Amino acid sequence: MAAEHTRGDMDITMQKRTFEGVMGAGVLATLITGVTILFLTLVFATDVAWFPSLVVTLIAGGAAGAALKRGAAYWASLVALTGIALIGGVLVTAFGA
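Residue numbers (the working numbering): 32 to 128.
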């Protein structure tokens, strides 16, 4: 059986798609984690207010997403995180913490 195998004849399209999907998910998770850590660091470890921190984080996240040519999942995640940060920031500002 092994003698019949010719190197380079195997169809690897499924393996290639799986590898690309796993790498894409890894990049997505890394960018989202990095953006979240940047925002939280600016808010809690510096004297920058939450809204300027959000703007800086959006600029950095947008630049990273554009540079790495991320798809709709990344941009949707960035919009969702922005919405959560806006709601949280408005609530804390309105009611104090």
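All C-beta atoms in this analysis are idealised placements derived from N, C-alpha and C, irrespective of residue type, glycine included. None of these values were measured; they are calculated from a predicted model.
Alpha-carbon to alpha-carbon, T88 and T113 | 9 Å
Taking C-alpha atoms, which residue in W106, L122, G127 lies nearest to L62?
-> Nearest option by C-alpha distance: W106.
How is M41 classed by DSSP in three states: helix, strand or coil?
-> Taken through DSSP and simplified to helix, strand or coil, M41 comes out as coil.
Classify L109 as helix, strand or coil using the three-state DSSP reduction.
-> helix
Measure the CB-CB distance between L73 and V79 and report whether it falls below 8 Å.
-> Yes, these two residues count as a Cβ contact at 8 Å.
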